[in-house]
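The listed protein sequences correspond, in order, to chains L and C.
Going by my numbering, the letters in the first sequence line up with residues 1 to 152, in that order.
Going by my numbering, the letters in the second sequence line up with residues 1 to 152, in that order.
Backbone N, C-alpha and C fix where the C-beta goes; we use that ideal spot for every residue, glycine too.
Down below is the structure, laid out as structure tokens.
2 protein chains.
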Amino acid sequence: MLNRKETKELLASRMAMFEQACQQAGLKLTHQRLEIFRELATATDHPSAETLHRRLRQRMPTLSLDTVYRTLASLEQKGLITRVKTGESQARFEAEQRQHHHLVCERCHEIIDFQWQTFDDSLLPDEILQWGRIKSKNAILQGLCSKCLDAV
Amino acid sequence: MLNRKETKELLASRMAMFEQACQQAGLKLTHQRLEIFRELATATDHPSAETLHRRLRQRMPTLSLDTVYRTLASLEQKGLITRVKTGESQARFEAEQRQHHHLVCERCHEIIDFQWQTFDDSLLPDEILQWGRIKSKNAILQGLCSKCLDAV
DNA sequence: TCTTAAATAAGAATAAATCTTAATAGGGTC
DNA sequence: GACCCTATTAAGATTTATTCTTATTTAAGA
């Protein structure tokens, strides 16, 4: 695990990278955009727009929900964040862009990231290759987390 | 590929299995329920509730959209159909319950099923096992299908 | 500092899904 | 086959999630 100082430095470098990416993408460095990204980048629970808005409102009381939606959509479009594929009604997001996979609790909808090098290294079935251009390859595991198992 | 007669027989046996499953689940065999399932079972495009409703209305003009939504929800809850995990605003469904994986075009949102035995046989990373009870393990590939690649 | 286009807040509007209610229809019982 | 009971349905109202409209503000380049 990282200590507080290391975590802080990591975030600072992520924010610096984000600012650079925004400039290259032609996006202005607005306070709202920076804070929305920062909140998402520090969250580990793949929050929805509403959840982010609720959290950010603590420190930015005038932030509108629409701005959160609009910002998430534009950052997704520029490839700076990702919309998580779920079956839920509210869309959920993540800032993590390194290769990883998801473990989803079908009861509480918690989503956990995990690494799986063996999968990343595996070759695709041959029939797939003629389909088009594959851009990403991910695993989704579903089940019940231990908390939900206990809660029965 | 199957010929017309084989396809017809396959569907008949699926419908028989579905009827049995409904009875075991305590669901009445209503005309609407049977037709909604039949339509989904013969579709290969992972349709949304609205798409199913549009198709079914050709032969069932009084079918309400609400019934399609309600039926899909109850069949999902009984494990007879599956809600496909996408990032789209409209939920999409499939009747296929055999193990398979998805190939998704990020431009036209076409979803193709495929088999991947190597993946199915692979072992999960150790850290995962303590998380809870894993019920399913699937791969999602994303990219651009050949039609969309050509259309640029 | 000035300018300009992009971004924002607020509330209206739309889209997707669910709820309410009265009517209908499986499917078990006689 | 007629009857009954409850699940299911259609229709339209409602809720929830997201997007649009418009007037105002602000980042960032001249």
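In chain C, what lies closer than 7 Å to residue i by C-beta?
i                       : result
threonine 86 of chain L : Lys85
From what residue to what residue does the alpha helix (DSSP H) around residue i run?
i                        : result
leucine 75 of chain L    : 65–77
arginine 57 of chain C   : 49–57
aspartate 120 of chain L : 117–121
threonine 7 of chain L   : 4–25
arginine 98 of chain C   : Here arginine 98 of chain C belongs to no alpha helix (DSSP H), and DSSP marks it neither H nor E.
isoleucine 36 of chain C : 31–42
Quick check on this structure: which residue in the options has the alpha carbon closest to the alpha carbon of residue i?
i                         : options                                   : result
glutamine 58 of chain C   : C/Lys85, C/Arg83 and C/Glu39              : C/Glu39
isoleucine 112 of chain L : C/Ser64, C/Glu19 and C/Ile134             : C/Ile134
cysteine 145 of chain C   : C/Cys105, C/Ser122, C/Gln115 and C/Ala139 : C/Cys105
valine 68 of chain C      : C/Glu35, C/Ser13, C/Asp121 and C/Leu149   : C/Glu35
arginine 107 of chain L   : L/Ile128, L/Glu127 and L/Ala151           : L/Ala151
aspartate 121 of chain C  : C/Gln130, C/Ile128, C/His109 and C/Asn138 : C/Asn138
leucine 124 of chain L    : C/Gly132, C/Gln130 and C/Gln115           : C/Gln115
leucine 80 of chain C     : C/Leu10, C/Glu9, C/Gln23 and C/Ile128     : C/Gln23
glutamate 76 of chain L   : L/Leu27, L/Glu88 and L/Gln130             : L/Leu27
histidine 31 of chain C   : C/Leu56, C/Ala91 and C/Gly143             : C/Leu56
glutamine 99 of chain C   : C/Thr118, C/Gln90, C/Ser89 and C/Ala91    : C/Thr118
serine 136 of chain L     : C/Ser64, C/Asp66 and C/Gly143             : C/Gly143
lysine 78 of chain C      : C/Ala25, C/Leu149 and C/Leu11             : C/Ala25
Nearest-angstrom Cα distance between residue i and residue j?
i                        : j                           : result
methionine 15 of chain C : histidine 102 of chain L    : 34 Å
serine 48 of chain C     : phenylalanine 93 of chain C : 6 Å
threonine 86 of chain L  : glutamine 20 of chain L     : 30 Å
serine 74 of chain C     : isoleucine 140 of chain C   : 25 Å
threonine 82 of chain L  : methionine 17 of chain L    : 16 Å
arginine 4 of chain L    : histidine 46 of chain L     : 22 Å
threonine 71 of chain C  : arginine 33 of chain C      : 6 Å
proline 61 of chain L    : methionine 1 of chain L     : 33 Å
serine 13 of chain C     : leucine 52 of chain C       : 21 Å
glycine 132 of chain C   : histidine 109 of chain L    : 13 Å
glutamate 9 of chain C   : phenylalanine 37 of chain C : 16 Å
glutamate 127 of chain L : threonine 44 of chain L     : 36 Å
glutamate 96 of chain C  : glutamate 6 of chain L      : 47 Å
lysine 147 of chain L    : glutamate 88 of chain L     : 20 Å
alanine 41 of chain L    : leucine 129 of chain L      : 34 Å
glutamate 50 of chain L  : alanine 91 of chain L       : 9 Å
leucine 29 of chain C    : leucine 65 of chain C       : 19 Å
arginine 54 of chain L   : leucine 149 of chain C      : 40 Å
leucine 11 of chain C    : leucine 63 of chain C       : 22 Å
valine 84 of chain C     : valine 84 of chain L        : 13 Å
Applying a beta-carbon distance threshold of less than 9 Å, which residues of chain L neighbour residue i?
i                           : result
phenylalanine 37 of chain C : Going along chain L, no residue has its Cβ under 9 Å from phenylalanine 37 of chain C, so there is no contact; the nearest lies around 19 Å.
Could you work out which residues of chain L lie near residue i, taking near to mean beta carbons separated by less than 7 Å?
i                        : result
threonine 118 of chain C : Ser122
Could you tell me which chain C residues have their CB closer than 8 Å to the CB of residue i, listed as they occur along the chain?
i                        : result
glutamate 127 of chain L : Phe114
Does the Cβ of residue i lie closer than 7 Å to at least one heavy atom of the ligand PLP?
i                       : result
glutamine 77 of chain C : Because no ligand of any kind appears in the structure shown, any question about the ligand PLP cannot be addressed here.
Within the continuous beta strand (DSSP E) that includes residue i, where are the two ends?
i                         : result
isoleucine 140 of chain C : 132–145
histidine 102 of chain C  : 101–105
isoleucine 81 of chain L  : No beta strand (DSSP E) holds isoleucine 81 of chain L; DSSP gives it neither H nor E.
isoleucine 112 of chain L : 111–114
Closer than 9 Å between beta carbons: that is the criterion. Which residues of the region 133–148 of chain C meet it against chain L? Of all residues in the region 133–148 of chain C, only Arg133, Ile134, Lys135, Ser136, Lys137, Asn138, Ala139, Ile140, Leu141, Gln142, Gly143, Leu144, Cys145, Ser146, Lys147 and Cys148 come within less than 9 Å of chain L when Cβ atoms are compared, listed by chain position.
Residues, ordered as in the chain, of the region 90–107 of chain C that lie near chain L by beta-carbon distance below 8 Å: Flagged, chain order: Ala91, Leu103, Cys105 and Glu106.
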